[in-house]
Amino acid sequence: MVNRRAALAFLGGAASLALTLSACGQSSEAGSASSSEGGGTVGIAMPTRASERWLTDGKSVVEKLKGMGYKTKLVYGDDDPKAQYSQIETLVKQGVEALIIAAIDAKSLNGVLQQAADAKIPVISYDRLILGTKNVDYYVSFDNEMVGRQEARYIIEKLGLEKGKGPFNIEMFAGSPDDNNTKYFYNGAMALLEEYLESKQLVVRSGETEMNKITTLRWDGATAQKRMSGLLTKWYSGRKVDAVLSPYDGISRGVLSALKSDGYGSGSKPLPIVTGQDAELESVKLIIAGEQSQTVYKDIRALAEAATEMVDDILTGRLPRVDNRTDYNNGVKDVPVHLLQPQSVDKTNYRMLITDGYYTAGQLR
Ligand code: GAL
Numbered sequence: 374m375v376n377r378r379a380a381l382a383f384l385g386g387a388a389s390l391a392l393t394l395s396a397c398g399q400s401s402e403a404g405s406a407s408s409s410e411g412g413g414t415v416g417i418a419m420p421t422r423a424s425e426r427w428l429t430d431g432k433s434v435v436e437k438l439k440g441m442g443y444k445t446k447l448v449y450g451d452d453d454p455k456a457q458y459s460q461i462e463t464l465v466k467q468g469v470e471a472l473i474i475a476a477i478d479a480k481s482l483n484g485v486l487q488q489a490a491d492a493k494i495p496v497i498s499y500d501r502l503i504l505g506t507k508n509v510d511y512y513v514s515f516d517n518e519m520v521g522r523q524e525a526r527y528i529i530e531k532l533g534l535e536k537g538k539g540p541f542n543i544e545m546f547a548g549s550p551d552d553n554n555t556k557y558f559y560n561g562a563m564a565l566l567e568e569y570l571e572s573k574q575l576v577v578r579s580g581e582t583e584m585n586k587i588t589t590l591r592w593d594g595a596t597a598q599k600r601m602s603g604l605l606t607k608w609y610s611g612r613k614v615d616a617v618l619s620p621y622d623g624i625s626r627g628v629l630s631a632l633k634s635d636g637y638g639s640g641s642k643p644l645p646i647v648t649g650q651d652a653e654l655e656s657v658k659l660i661i662a663g664e665q666s667q668t669v670y671k672d673i674r675a676l677a678e679a680a681t682e683m684v685d686d687i688l689t690g691r692l693p694r695v696d697n698r699t700d701y702n703n704g705v706k707d708v709p710v711h712l713l714q715p716q717s718v719d720k721t722n723y724r725m726l727i728t729d730g731y732y733t734a735g736q737l738r
């Protein structure tokens, strides 16, 4: 891998790029090359250590940046927006050359991102779009609406809704209300499910279908478990739930625990279809065991690669790859985005995770 260090001061996409170093130094120069700002350190702010995927994100981003010759400072906000704010503030004060941020609360970083902008530190919004500020330069993520569509498609196919089957009982879960991705997942799923809700082939016994009625603060599995238990008690005595739309594996596992405590998963009361997202190891094992039905695989290594290439491009004065410049408005501006494609995974195709090197066969045994 070619080693390049920050050679350009990046001014929020403006044309004022000042060449301070000739880029494209070979690896032998990796240690010595540094920008006029000094350091060549990239700050990475991740949201939580409570979920496996974000640990993989942090590790992958650090590995890729190191491979490119950068130094890194990785921090985890442990799902506390205030803690994340001050972590980023510290990174700015330490003079990092770029920031990669997966926000806990999409709207809470305004002030600190102004500090980053004042210090001419480019900001990449990682996986989750940061809202309400002009001081976010690029967004790198998966096609999040597609994630919701893949979950819904799975339910539609497995229940045979296109063949006119039904009615079936379904309950729905959404992600954290402060995460901008939540609405994409929800909208993507609803775009496909709506017609079957209207035809009454799908029935939501609780009546809770609006996004703000079904969110799960901080994507917390225990919160989802509690809600699912409540729904089962209130709406499903003498009835069976046939499908649960879940937008994230941690929520799916909470839902499955509630279902199993209620007697689901035995011969006369099979588990419903339960979707998910992230292909977390624990959930892939549950898929193999026939408990969770589906997940959406988003190769975090590819996301990390996209984000780190973006950083490297910015710091070396090249234009980062952008797939879309108009569809991701954060309330203040259209943020240019690099989007990756998610993939639906179930028992029939989970081996792709092994072929892909995402997990070893041993891990999945
Ligand atoms: C979202 C992310 C999902 C999932 C969720 C909970 O922002 O896009 O893949 O990880 O957070 O961590």
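Its first residue numbered 374, the sequence shown is counted upward by one per residue in our numbering.
Even for Gly, the Cβ is constructed at its ideal location relative to N, Cα and C.
- prompt: Could you check where the beta strand (DSSP E) with S634 kicks off and where it finishes?
  reply: Here residue 634 corresponds to residue number 261 of the sequence shown, with the count starting at 1. The continuous stretches of beta strand (DSSP E) do not include S634, which lies in the alpha helix (DSSP H) extending over residues 622-634.
query: For the candidate residues I417, Q460, D453, whose alpha-carbon lies nearest to that of Y443?
result: Start at 1 with the first residue of the sequence shown, and residue 443 comes out as number 70. Checked all of I417, Q460, D453; the closest Cα to Y443 is I417.
message: Between N542, D516, L532, D552, which has its C-alpha nearest G561's C-alpha?
response: On the sequence shown, position 188 is the one that residue 561 refers to. Of all alpha-carbon atoms in N542, D516, L532, D552, the one lying nearest the alpha-carbon of G561 is that of D516.
message: Less than 7 Å separating the Cβ of E560 from some heavy atom of ligand 1?
response: Position 187 of the sequence shown, counted from the start, is the residue given in the question as residue 560. A quick correction: the sequence has Asn, not Glu, at residue 560. No; taking the cut-off as 7 Å, the Cβ of N560 has no heavy atom of ligand 1 nearer than that.
message: Using only CA atoms, which one of D478, I497, A490, P454 lies nearest to A677?
response: To locate residue 677, count along the sequence shown from 1; it is residue 304. It is I497.
query: K432: beta carbon under 7 Å from a heavy atom of ligand 1?
result: By 1-based counting over the sequence shown, the position of residue 432 is 59. Relative to ligand 1, the beta carbon of K432 is positioned no closer than 7 Å to any heavy atom.
message: Using beta carbons (cut-off 8 Å, strictly below), is E544 in contact with chain C?
response: Included in the structure is just one protein chain, with no chain C present.
message: Do F541 and L618 count as a contact pair if the criterion is CB distance below 8 Å?
response: Within the sequence shown, residue 618 is the residue found at index 245, counting from 1. Within the sequence shown, residue 541 is the residue found at index 168, counting from 1. In this structure, F541 does not lie closer than 8 Å to L618 by Cβ.
Other residues of its chain near M683: CB distance less than 7 Å, five sequence neighbours each side excluded: Position 310 of the sequence shown, counted from the start, is the residue given in the question as residue 683. Only I497, Y511, V513, P693, H711 meet the Cβ criterion.
E524 burial status per 10 Å Cβ neighbour count (16 or more: buried): Residue 524 sits at position 151 when you count from the first residue of the sequence shown. Answer is buried; the Cβ neighbour count reaches 16.
- request: Could you please give the first and the last residue of the uninterrupted alpha helix (DSSP H) stretch that includes Y557?
  value: Locating residue 557 in the sequence shown gives position 184, where the first residue counts as 1. Y557 -> alpha helix (DSSP H) spans 554-571.
- prompt: Which same chain residues, not among the five before or five after N483, have their C-beta less than 7 Å away from its C-beta?
  reply: Mapped onto the sequence shown, residue 483 falls at position 110. The beta carbon of N483 sits closer than 7 Å to the beta carbons of G505, T506 from its chain, once the five residues preceding and following it are set aside; these are given in chain order.
query: Quick one: Cα of V669 to Cα of G640, how far?
result: The count along the sequence shown starts at 1 and reaches residue 669 at position 296. The count along the sequence shown starts at 1 and reaches residue 640 at position 267. Approximately 27 Å, taken between the alpha carbons.
message: Please classify P643 as buried or exposed, where buried requires at least 16 other C-beta atoms within 10 Å of its C-beta.
response: On the sequence shown, residue 643 is found 270 positions in, with the first residue counted as 1. Classification for P643: exposed.
field: Of the residues E425, L688, N553, the one placed nearest R501, counting alpha carbons only
entry: The residue you call residue 501 lines up with position 128 of the sequence shown. Among E425, L688, N553, the Cα nearest to that of R501 is on N553.
query: How should A564 be labelled, buried or exposed, when 16 other C-beta atoms within 10 angstroms of its C-beta is the threshold for buried?
result: Counting from 1 along the sequence shown, the entry for residue 564 is found at position 191. Its Cβ having fewer than 16 others within 10 Å, A564 is exposed.
- request: Mind checking which residues open and close the alpha helix (DSSP H) that includes S596?
  value: Numbered from its first residue, the sequence shown carries residue 596 at position 223. The residue asked about is misnamed: residue 596 is Thr in this sequence, not Ser. Residue range 594-608 is occupied by the alpha helix (DSSP H) that includes T596.
Member of V657, L688, L713, T699 whose CA lies at the smallest distance from the CA of T721: On the sequence shown, position 348 is the one that residue 721 refers to. The shortest Cα separation from T721 among V657, L688, L713, T699 belongs to V657.
- request: Compare the C-alpha of E581 against each of L590, Q574, R591, L570 and name the closest.
  value: Mapped onto the sequence shown, residue 581 falls at position 208. E581 has its Cα closest to that of L570, out of L590, Q574, R591, L570.
message: Less than 7 Å between C-beta atoms, sequence neighbours within five positions excluded: which residues of the same chain meet that for T445?
response: In the sequence shown, counting from the first residue as 1, residue 445 sits at position 72. Answer for T445: T414, V415, I417, V435, L438, K439, listed in chain order.
message: At the level of alpha carbons, what is the spacing between D551 and R591?
response: Position 178 of the sequence shown, counted from the start, is the residue given in the question as residue 551. Position 218 of the sequence shown, counted from the start, is the residue given in the question as residue 591. If you take the alpha carbons of D551 and R591, they lie about 8 Å apart.
task: State yes or no: is the C-beta of L632 within less than 8 Å of the C-beta of G623?
output: Within the sequence shown, numbered from 1, the residue matching residue 632 stands at position 259. Within the sequence shown, numbered from 1, the residue matching residue 623 stands at position 250. L632 places its beta carbon 8 Å or farther from that of G623.
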